[in-house]
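Q: Would you mind keeping the following structure in view while I ask a few things?
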Amino acid sequence: MVKITLNHVYAVRDHWTLSASGTFDNGVHLVSGEVGSGKSTLALLMAGLFPVSGGNIENEDITTRMLSLQFPELHVTGLSVAEECASWGVAPAEILDAIGLAEKKELSPLSLSRGELKQLHLACVLEKDYDLLLLDEPFSSLDCEEKVKLCTRIGQKSQGVTVIFTHEQYILPRVHRIWEITEGILVDCGTPPGAFTNWRHLPPLIKKLTALGSRPDNISPDDFLEAVCRIRE
Amino acid sequence: MITVEFLCYRNLVIDALTIKPGITTIIGSNGSGKTTFLKLCAGIAVPDSGTLLIDDASPRETEIGWVNEFPDRNILFVNVFDEIASPLRFRKIPCDETDAKVSACAEEMGITHLLKRAVRDLSGGEKVLVSLAAALVHHPKVLILDEYDSHLDAQSLAKIEQGIRTSGAEYVIRCTQQMDTAVHSDYVLFFDSGRITHEGRPDLVFPFLKSTAYYPLLWGCRWSKSP
Chain A
3 MVKITLNHVY AVRDHWTLSA SGTFDNGVHL VSGEVGSGKS TLALLMAGLF PVSGGNIENE
63 DITTRMLSLQ FPELHVTGLS VAEECASWGV APAEILDAIG LAEKKELSPL SLSRGELKQL
123 HLACVLEKDY DLLLLDEPFS SLDCEEKVKL CTRIGQKSQG VTVIFTHEQY ILPRVHRIWE
183 ITEGILVDCG TPPGAFTNWR HLPPLIKKLT ALGSRPDNIS PDDFLEAVCR IRE
Chain B
320 MITVEFLCYR NLVIDALTIK PGITTIIGSN GSGKTTFLKL CAGIAVPDSG TLLIDDASPR
380 ETEIGWVNEF PDRNILFVNV FDEIASPLRF RKIPCDETDA KVSACAEEMG ITHLLKRAVR
440 DLSGGEKVLV SLAAALVHHP KVLILDEYDS HLDAQSLAKI EQGIRTSGAE YVIRCTQQMD
500 TAVHSDYVLF FDSGRITHEG RPDLVFPFLK STAYYPLLWG CRWSKSP
């Protein structure tokens, strides 16, 4: 079974340390935390791109992995939008048609709007299946409709470990497990909806619905609407 | 008033628009022209034709504070203190006064602990907070924020929202993809394919977007039982 286990891992930077223990198994995981709490560093650690100062990381059956960075321009290598697609090993025509950028295929990727560049980047990343997919702030820069589409796409993934590191509070996919980084420590909040009682960064809507006695089952907009319907009944 | 008349620039076309003092929020799909409009308001770009005036002056003659969603593109200095101090130093404000203003601004933004740090070691969200402090430290007349909120947690956002409202900026023009932030504005502009298709108070604009993903979730989840 595909999984990644952090055994008393800690990482040290100039001004803080991050400690993390836990197993991320098959499914979608959400990691939240305040600005500067170490979410991106944890993503780098899990990708093997940041040195572990102590403990170890065990990968089981993970042969392919991908880290999508917070800022999409850091991934750009192609001189044109079409070249950028090709650099990911995907066919430009199909991808660009799907995301409505076919007319911009000859332009520099850096001339796209931020949102368009993020769409392009995520479309290329999600075109392939990875055993471990790490998405650092995947919703930033996307418009609301694209956020919904991304949630659908993530929900369609049938296998592998997907970890979403995000501040997004409203448009999120259903997840299997919720984690958060608090005061330099990765905390396993558990599976929804039970995790809501331990989750310090609980989104405001879940807070409100729970206070009204109708706790949503998970964290997607559909779950929120279902909880609202229960109140109306 | 900010007045726009017969403006054309790239794919953006606005025949007439008036923005009153207060918080104006721009929403719309990726590539619809939101950032382009913000750049014109900031004087970073100049219209191909037509006019955009801020109280009858060009944006380039107006005190502007600008925050890019990708703060790395605007940050000039190696450490945080120098970055926040830069707008004051460029204006040749005395050192003592500069130091005091930077400290006060950092305190208000809750980033005093970052002042001695190197910018390159900051997280994405921390860089946005530093950029915002640099934009606010010289008390601009117009504060322009381009998706500043997409890398920030709820706690930082609440602090910033307070900072924006007490900044003294006469005009705040911001772009966001958080509709539950957009509802707390005086005016909303909805952009679609380079045109403004809806404008007005939030309670007048959002009903037009009810069947879309732009309708605020908190509004969509209004319930019959009172909280």
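Sequence order for the protein chains is A and B. Under my numbering, think of the first position of the first sequence as 3, with each following residue one higher. Under my numbering, think of the first position of the second sequence as 320, with each following residue one higher. Ideal Cβ positions, reconstructed from N, Cα and C, are used throughout, including at glycine.
(1) Which partner residues does A:Arg67 have in the DSSP bridge list?
(2) Counting contacts by CB-CB distance shorter than 8 angstroms, is B:Arg436 in contact with chain A?
(3) Which residue comes first and which comes last in the beta strand (DSSP E) that contains B:Ser368?
(4) Between the region 94-116 of chain A and chain B, which residues of the former have CB atoms less than 7 angstroms from a CB of the latter, in chain order?
(5) Can you name the residues of chain B whose CB is closer than 9 angstroms to the CB of A:Glu118?
(6) Determine the extent of the alpha helix (DSSP H) in which B:Arg520 is found, giving its start and end residues.
(7) Using the Cβ count rule (16 or more neighbours within 10 Å means buried), how would you classify A:Lys209?
(8) Count the CB pairs spanning the region 367-383 of chain B and the region 452-464 of chain B that are closer than 8 angstroms, and state whether there are at least three.
(9) Would you list the residues sitting across from A:Glu182 in a DSSP beta bridge?
(10) Which of the three DSSP states is assigned to B:Lys544 in this structure?
(11) So, A:Leu32 versus A:Ile166, is the Cβ gap smaller than 8 angstroms?
(12) Taking only beta-carbon atoms, is A:Pro53 less than 8 angstroms away from chain B?
(13) Count the other CB atoms within 10 Å of the CB of B:Met320; is the residue buried (16 or more) or exposed (fewer)?
(14) Quick one: what's got a C-beta closer than 6 angstroms to A:Ser89's C-beta in the same chain, skipping five residues either side?
(15) At the 8 angstroms Cβ level, is A:Pro175 part of the contact set with chain B, yes or no?
(16) At the level of alpha carbons, what is the spacing between B:Lys544 and B:Val502?
(17) At 7 angstroms on the CB atoms, spell out the chain B contacts of A:Pro223, in chain order.
(18) Measure from the C-beta of B:Pro546 to each C-beta in chain A and report whether the shortest distance is under 8 angstroms.
(19) From the beta carbon of A:Glu147, is the nearest beta carbon of chain B less than 8 angstroms away?
(20) Please report the distance separating the alpha-carbon of A:Leu71 from that of B:Thr485.
(21) Run through DSSP, which three-state label would B:Tyr328 get?
(22) Less than 8 angstroms between the C-beta atoms of B:Thr337 and B:Thr354, yes or no?
(23) What residue from B:Ile333, B:Ile479, B:Arg392, B:Ile345 has the CA that sits closest to B:Ser368's CA?
(24) Could you check the C-alpha separation between A:Phe198 and B:Ser405 for me, to the nearest Å?
(25) Which value, in whole angstroms, describes the spacing of the CA atoms of A:Thr21 and A:Ile221?
(26) Could you tell me the boundaries of the alpha helix (DSSP H) in which B:Asp418 lies?
(27) Taking all protein chains shown into account, do 16 or more other C-beta atoms lie within 10 angstroms of the C-beta of A:Trp18, making it buried, or fewer, making it exposed?
(28) Kindly list, in the order they appear in chain B, the residues whose Cβ is closer than 9 angstroms to that of A:His31.
(29) Please determine, among A:Glu36, A:Pro195, A:His203, A:Gly57, the residue with the shortest C-alpha to C-alpha distance to A:Ser216.
(30) May I ask which residues mark the beginning and end of the alpha helix (DSSP H) holding B:Ile394?
(31) Specify the secondary structure class of A:Glu85 as computed by DSSP and reduced to three states.
(32) When the cut-off is 8 angstroms and only beta carbons count, does A:Leu207 lie next to chain B?
(33) Consider the Cβ of B:Tyr533: report whether some Cβ of chain A lies at a distance smaller than 8 angstroms.
(34) Which whole-angstrom value is the C-beta distance of B:Ala473 and B:Ala452, which I expect to be below 8 angstroms?
(35) Tell me, please, whether the CB atom of B:Phe389 is closer than 8 angstroms to any CB atom in chain A?
(36) In chain order, what residues of the region 465-489 of chain B put their CB closer than 8 angstroms to some CB of chain A?
A: The answer reads as follows:
(1) Counting from 1 along the first sequence, the entry for residue 67 of chain A is found at position 65. The partner list for A:Arg67 (beta bridge, DSSP) reads A:Leu134.
(2) Position 117 of the second sequence, counting from 1, holds the residue named residue 436 of chain B. Output row for B:Arg436: interface = yes.
(3) Reading the second sequence from its first residue, position 49 is the one you call residue 368 of chain B. It spans 368-373 - the beta strand (DSSP E) in which B:Ser368 sits, taken as one unbroken run.
(4) Ser115, Arg116
(5) Residue numbering aside, residue 118 of chain A sits at position 116 when the first sequence is read from its first letter. Going along chain B in sequence order, the residues near A:Glu118 (Cβ under 9 angstroms) are Asn349, Gly350.
(6) The count along the second sequence starts at 1 and reaches residue 520 of chain B at position 201. No alpha helix (DSSP H) contains B:Arg520, which DSSP labels as neither H nor E.
(7) Counting from 1 along the first sequence, the entry for residue 209 of chain A is found at position 207. Exposed, since its Cβ has fewer than 16 Cβ neighbours within 10 Å.
(8) yes
(9) On the first sequence, position 180 is the one that residue 182 of chain A refers to. In DSSP, A:Glu182 forms a bridge with A:Ser34, A:Val189.
(10) Reading the second sequence from its first residue, position 225 is the one you call residue 544 of chain B. Any reading at B:Lys544 is ruled out, since the residue's pLDDT is 47, under 50, leaving its predicted position unreliable.
(11) Taking the first residue of the first sequence as position 1, residue 32 of chain A is located at position 30. Taking the first residue of the first sequence as position 1, residue 166 of chain A is located at position 164. Taking 8 angstroms as the Cβ cut-off, A:Leu32 and A:Ile166 qualify as a contacting pair.
(12) Here residue 53 of chain A corresponds to residue number 51 of the first sequence, with the count starting at 1. No, its Cβ sits nowhere closer than 8 angstroms to a Cβ of chain B.
(13) The count along the second sequence starts at 1 and reaches residue 320 of chain B at position 1. By the neighbour-count rule (16 or more Cβ atoms within 10 Å), B:Met320 is not buried but exposed.
(14) Within the first sequence, residue 89 of chain A is the residue found at index 87, counting from 1. Once the five neighbours on either side are set aside, the close Cβ partners of A:Ser89 are Thr79, Gly80.
(15) Working through the first sequence from its first residue, we reach residue 175 of chain A at position 173. No - not a single Cβ of chain B is within 8 angstroms of the one on A:Pro175.
(16) Here the question's residue 544 of chain B lines up with position 225 in the second sequence. Here the question's residue 502 of chain B lines up with position 183 in the second sequence. Residue placement at B:Lys544 is flagged as unreliable, the pLDDT there being 47, under the threshold of 50; a coordinate-derived value is accordingly withheld.
(17) Counting from one through the first sequence, the residue named residue 223 of chain A turns up at place 221. Near A:Pro223 (Cβ distances below 7 angstroms), the residues of chain B are Leu536.
(18) If you number the second sequence from 1, residue 546 of chain B lands on position 227. Residue placement at B:Pro546 is flagged as unreliable, the pLDDT there being 38, under the threshold of 50; the coordinate-derived value follows with that caveat. Yes - at least one Cβ of chain A is within 8 angstroms of the one on B:Pro546.
(19) As a first step, residue 147 of chain A must be located in the first sequence, where it is residue number 145. By this cut-off, A:Glu147 is an interface position.
(20) As a working note, residue 71 of chain A is residue 69 in the first sequence. As a working note, residue 485 of chain B is residue 166 in the second sequence. Cα-Cα distance, rounded: 34 angstroms.
(21) By one-based count along the second sequence, residue 328 of chain B stands at place 9. Residue state, collapsed to three classes: strand.
(22) Here the question's residue 337 of chain B lines up with position 18 in the second sequence. Here the question's residue 354 of chain B lines up with position 35 in the second sequence. Contact: no.
(23) The sequence position of residue 368 of chain B within the second sequence is 49, counting from 1. It is B:Ile333 whose Cα lies nearest to the Cα of B:Ser368.
(24) Stepping through the first sequence from its first residue, residue 198 of chain A is reached at position 196. Stepping through the second sequence from its first residue, residue 405 of chain B is reached at position 86. Their Cα atoms are separated by approximately 43 angstroms.
(25) One-based indexing of the first sequence puts residue 21 of chain A at position 19. One-based indexing of the first sequence puts residue 221 of chain A at position 219. A small fix is needed here, since residue 21 of chain A is Ser in this sequence, not Thr. Between A:Ser21 and A:Ile221, the C-alpha separation is close to 26 angstroms.
(26) Start at 1 with the first residue of the second sequence, and residue 418 of chain B comes out as number 99. First-last of the alpha helix (DSSP H) with B:Asp418: 414-428.
(27) One-based indexing of the first sequence puts residue 18 of chain A at position 16. Per the 10 Å Cβ criterion, exposed.
(28) Position 29 of the first sequence, counted from the first residue, corresponds to residue 31 of chain A. Near A:His31 there are no residues of chain B at all, since even the closest Cβ is about 18 angstroms away, more than 9 angstroms.
(29) Within the first sequence, the letter at position 214 stands for residue 216 of chain A. Here the closest residue by C-alpha is A:Pro195.
(30) Looking up residue 394 of chain B in the second sequence gives position 75. Unbroken run through B:Ile394: none, as it is neither H nor E.
(31) Within the first sequence, the letter at position 83 stands for residue 85 of chain A. Note: A:Glu85 maps to helix in three-state DSSP.
(32) Within the first sequence, the letter at position 205 stands for residue 207 of chain A. Cβ-Cβ to chain B under 8 angstroms: yes for A:Leu207.
(33) Here residue 533 of chain B is taken as the residue at index 214 of the second sequence, counted from 1. Interface residue, yes.
(34) Against the second sequence, residue 473 of chain B aligns to sequence position 154. Against the second sequence, residue 452 of chain B aligns to sequence position 133. Not quite, the Cβ-Cβ distance comes to about 19 angstroms (not below 8 angstroms), so this is no contact.
(35) Working through the second sequence from its first residue, we reach residue 389 of chain B at position 70. True, the Cβ-Cβ gap to chain A drops below 8 angstroms.
(36) Glu466, Ser469, His470, Leu471, Asp472, Ala473, Gln474, Ser475
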